[in-house]
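Here's the structure we're looking at; comments come further down.
Numbering (our numbering), first residue to last: 17 to 132.
Structure, rendered in structure tokens:
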């Protein structure tokens with residue numbers, strides 16, 4: 017009789033553990049579908065092609081193409097942006113003026129070196 021109780025306890029523990037594991041898997045799947053996974057990156061406007069802006073993303077080394085209408089007003093080549101990347105797409109948060117100024121200084125320094 018004791019052996020049957022132990023087997024029942026083990027079986028019950030197994031069922032509870034399996035139920036918990038299935039619950040966690042389902043929860044993770046729901047989170048993934050709702051695109052809670054997002055990262056913030058910096059991107060530079062590289063060029064324009066057919067009324068679209070080609071933006072190079074740092075950190076993840078991707079090139080994206082967005083309609084010009086979604087760009088902040090006054091955007092031009094070498095403009096830097098703070099961008100949110102999700103599974104659903106990309107969203108420009110703001111122009112990153114600090115990064116743009118640093119890169120402009122760096123470009124000038126490189127040109128000066130080439131002229132020497």
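Where a beta carbon is used, it is the ideal one built from N, C-alpha and C, also for glycine.
Same chain only: Cβ atoms within 8 Å of residue 82, ignoring 5 sequence neighbours per side: Translated into the one-based positions of the chain shown, residue 82 becomes position 66. Hits under 8 Å: 68, 69, 71, 106 and 108.
Who are the near neighbours of residue 73 in its chain, counting only those whose CB is closer than 6 Å to its CB and skipping five residues on each side? In the chain shown, counting from the first residue as 1, residue 73 sits at position 57. Result list for residue 73: 57 and 59, in chain order.
Bounding residues of the alpha helix (DSSP H) (the contiguous stretch that carries residue 127): Taking the chain shown and counting its residues from 1, one reaches residue 127 at position 111. From DSSP, the alpha helix (DSSP H) with residue 127 extends over 113 to 131.
So, at 8 Å on beta carbons, what are the nonlocal neighbours of residue 120 in its own chain, with the 5 sequence-adjacent residues on each side left out? Within the chain shown, numbered from 1, the residue matching residue 120 stands at position 104. Excluding positions up to five away in sequence, the list reads 94.
Only counting the same chain, and skipping five residues up and downstream in sequence, which positions put a Cβ closer than 6 Å to that of residue 175? In the structure as shown, the chain begins at 17 and stops at 132. Residue 175 is therefore absent and cannot be evaluated.
Does the beta carbon of residue 85 sit closer than 8 Å to a beta carbon anywhere in chain C? Among the chains in the structure shown there is no chain C, since it carries only a single protein chain.
List the endpoints of the continuous beta strand (DSSP E) containing residue 88. Along the chain shown, read from residue 1 onward, the residue named residue 88 stands at position 72. It is not in any beta strand (DSSP E) - residue 88 carries neither H nor E in the DSSP assignment.
Among residues of its own chain, excluding the 5 on either side of residue 92, which ones have a beta-carbon nearer than 8 Å to its beta-carbon? Position 76 of the chain shown, counted from the start, is the residue given in the question as residue 92. Counting only Cβ-Cβ distances below 8 Å, and skipping sequence neighbours, we find 61.
With a Cβ-Cβ cutoff of 8 Å, do residue 86 and residue 97 count as a contact? The sequence position of residue 86 within the chain shown is 70, counting from 1. The sequence position of residue 97 within the chain shown is 81, counting from 1. Their beta carbons are not under 8 Å apart, which means residue 86 does not touch residue 97 by this criterion.
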